[in-house]
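Numbering (the numbering used here), first residue to last: -15 to 574.
Glycine is no exception: its CB is placed at the ideal position from the N, C-alpha and C atoms.
Please read all numbers here as calculations on a predicted model, not as lab measurements.
See structure below.
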Amino acid sequence: MIDEPPDGSTALPAPLESSAAIGIDLGTSSSAVAVWRNGRVEVFQCPEDRKSLPAYVLFSDTPTGINKVGGGASEDELWSGRAIFGAKKLVGRTDTDPIVQSCREKYPFLIESLGIGLKPFLGARGSNNIWRSTTPEEILALQLMELRAIAEFHLGRIVRSAVVTVPVCFSRFQLMTIERACVMAGLQVARLMPEPTAAGLVYAQMIQQQGISAPVSASAAEKLALIFNMGAGYCDVAITATAGGVSQIRGLAGEAFGGEELLQNLVSYLVSEMIPQLGHSPAKAALAIATGRLRFAAERAMHALSIEPDALVEMELGNGQIFSRSVTREVFEDLNAGVFARCSSLVVGCLRDADVEPVAISDVIAVGGASSVPGVKEALEKIFGARKMEALLHNQIQSSGIDTSEAAARGAALEGAIMSGVTDPNGSLDLLTIQAMASSVGVALLGGEFQPILHKNSMIPARRDVVVTTSRDNQRDALIVVYEGESKNARSNHLLGFFKLAGLPAAPKGVPLITVCVDVDASNVLRVMAGACLPKDCGGDGSGGVAALELREVRMPTVDDGHDWCVEALWNKHGDSMDVVLLQQPVPMS
-15 MIDEPPDGST
-5 ALPAPLESSA
5 AIGIDLGTSS
15 SAVAVWRNGR
25 VEVFQCPEDR
35 KSLPAYVLFS
45 DTPTGINKVG
55 GGASEDELWS
65 GRAIFGAKKL
75 VGRTDTDPIV
85 QSCREKYPFL
95 IESLGIGLKP
105 FLGARGSNNI
115 WRSTTPEEIL
125 ALQLMELRAI
135 AEFHLGRIVR
145 SAVVTVPVCF
155 SRFQLMTIER
165 ACVMAGLQVA
175 RLMPEPTAAG
185 LVYAQMIQQQ
195 GISAPVSASA
205 AEKLALIFNM
215 GAGYCDVAIT
225 ATAGGVSQIR
235 GLAGEAFGGE
245 ELLQNLVSYL
255 VSEMIPQLGH
265 SPAKAALAIA
275 TGRLRFAAER
285 AMHALSIEPD
295 ALVEMELGNG
305 QIFSRSVTRE
315 VFEDLNAGVF
325 ARCSSLVVGC
335 LRDADVEPVA
345 ISDVIAVGGA
355 SSVPGVKEAL
365 EKIFGARKME
375 ALLHNQIQSS
385 GIDTSEAAAR
395 GAALEGAIMS
405 GVTDPNGSLD
415 LLTIQAMASS
425 VGVALLGGEF
435 QPILHKNSMI
445 PARRDVVVTT
455 SRDNQRDALI
465 VVYEGESKNA
475 RSNHLLGFFK
485 LAGLPAAPKG
495 VPLITVCVDV
505 DASNVLRVMA
515 GACLPKDCGG
525 DGSGGVAALE
535 LREVRMPTVD
545 DGHDWCVEAL
555 WNKHGDSMDV
565 VLLQQPVPMS
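Have a look at this one:
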């Protein structure tokens, strides 16, 4: 029998730690998994005593062989064409995407592209030169299954739910493909969390535990922090305002570049010196293996250059020769000056969009594997000043002994416990993050103009509507095409979906009132609603208008990436006959 409280009310027991969702930092080059257990976040050890799981799948060269996920592969095997890696860089992109085209040129596995805007297929070399076909989300699903198995091994229970980190710049379709990969891996997505906001949650917990925050009402206690997260494939920035365990995201920015670009620039510099040692017209397979070895040697040198003024790139070419070159930090930074400039531009843009001056930032938190590169730190120093950038070396996260490459996984685990309803007697989980829109969402108008409805950095949950109208006399149909992005040209943004409002009443152009409402809930689920009516002086009932069409609600995205041709086909057939324009005059009131 369950004892009832003295007042006679019934109360459900608090969820146990054993029910907490795990946190997964799904990376481009490696991933980590963590959970809240025994009053703290625990990052699980991966096979081969690694802190993280390398992000590759090595397919067996026989049909009955065992595939290797994140371990057990040699450097030569990884570059043999049998391994697929970097799937996070490819997921949710079309085969015409410049990033996909760049990966085709530098990766040893097959990236099949028809060049017509469809999802690329990946191929791993098998026996008898037979290629095994797969997709980026299937590769991520295999990695997620392995991470789930690691968590289940350490926890001794079945794991069903996870908070997964994602880059800020991911489109909604990319987020949807991550959810699909999680479903393939047997995981329910509790939340997809932007990587810098996950690290920001760790920062908020440490601020709270140090007792230097104050109640939310005391605005003077609010601390503005800039979280800079640079991993292998993506660079993200978030500006957070933290007080009393509550963090509000003031600004988000992100782009698809990171440590991979730093490494590739170094490899491209060295490969021209390596090729002559391979002899005239080296075989394609020999060149691929040598390039792979050079890549791993260059990666080791890049890590060494973070603490040393120079490093040696040395490896066996496979023909009995040794390739050896010394690289100085100065040369490395010259090769990557463009990448460091992009880091600066991303931070400055995030500050500008959030309307925050650099002097207002209390702490700068740099996390992610590539954030330790001296050139990255110097780029931030130019913005915030050398004195403030001492926080990079002694900030709350690093001074606590936490590996900054684990910060996103730890934040995801904290969010997993919070969303699972787990409580902590010390108040360590009394945290709340108020998220923001990573990109604007709006509709296309006549002439291809993009009309934002919910703007980037808007606090979510959010809901807003605009009124549009017909662009032609007696227009009976309206095509509502929804995009996300910041370009003024709609087609330069990312297509989310479209739907047609059919059966509008015959009326002069500009008369029908078409309300388009965009709603984003706390779980970042996007819904778009539209309805039409006539003003009262054009047949309305005196109450401000008469409904011409019932409200239509659609969840976005509704189309797969690359299906811009669906809208193109409609425009080619109908021209601008179904386009809408923003209503310029005020709506008549009763």
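Setting aside the 5 residues that flank it on each side, M299 is surrounded in the same chain by R277, L278, A281, F307, each with a C-beta closer than 7 angstroms to its C-beta; the list follows chain order.
Listed in chain order, the non-local C-beta contacts of N51 below 7 angstroms within the same chain comprise V41, L42, F43, S44, local neighbours out to five positions each way being set aside. Rounded to the nearest whole angstrom, the C-alpha separation of V351 and L330 is 15 angstroms. Counting only the Cα atoms, R24 lies some 14 angstroms from E390.
Distances from the CA of L62 to each of F93, L74, V75, T78 were compared; the closest alpha carbon is that of F93. Between V565 and F482, the gap from beta carbon to beta carbon reaches 9 angstroms or more.
Runs of the alpha helix (DSSP H) lying entirely within the region 314 to 360, each at least 4 residues long, are 321 to 338 in chain order.
Rounded to the nearest angstrom, the gap between the Cα atoms of T78 and V84 is 7 angstroms.
Within the model, the alpha-carbon separation for E537 versus R234 is close to 29 angstroms. Checking the DSSP bridge columns, you'll see L236 partnered with A222. With respect to the 9 angstroms criterion, T181 and A222 are classified as neighbours on the basis of their beta carbons.
A396 is the residue among V466, A396, M258, R447 whose C-alpha sits nearest the C-alpha of I8. Rounded to the nearest angstrom, the gap between the Cα atoms of I100 and A272 is 28 angstroms.
Around the C-beta of Q172, fewer than 16 other C-beta atoms lie within 10 Å, and the residue is accordingly described as exposed. Listed as beta-bridge partners of W115 by DSSP are R109.
Assigned with DSSP and collapsed to three states, I100 falls in coil, not helix or strand. Taking a cut-off of 8 angstroms for Cβ pairs, the region 460 to 473 and the region 424 to 442 touch, as three or more such pairs fall below it. Counting the other Cβ atoms within 10 Å of the Cβ of W20 gives 16 or more, which makes it buried.
L497 carries a strand assignment under DSSP once its states are collapsed to helix, strand and coil. As the crow flies, the alpha-carbon of N320 is around 22 angstroms from that of I211. For D503, the number of other beta carbons within 10 angstroms of its own is at least 16, and it is reported as buried.
Inside the region 148 to 195, DSSP marks whole beta strand (DSSP E) runs of 3 or more residues at positions 172 to 178, from first to last along the chain. Nearest in C-alpha terms to A401, of all of N22, S14, G11, is N22. Secondary structure note for G7: it is in no alpha helix (DSSP H), and the uninterrupted beta strand (DSSP E) holding it is 6 to 9. G55 is not a Cβ neighbour of A39, given a cutoff of 9 angstroms. Remark: fewer than three beta-carbon pairs, one from each stretch, lie closer than 8 angstroms, so the region 355 to 369 and the region 254 to 264 are not flagged as touching.
In the same chain as V143, and ignoring 5 residues on each side of it, the C-beta atoms closer than 6 angstroms to its own belong to I6, R132, A135, E136, in chain order. Counting only unbroken stretches of 4 or more residues, the alpha helix (DSSP H) elements lying wholly within the region 48 to 82 are 59 to 62, 71 to 74, in sequence order.
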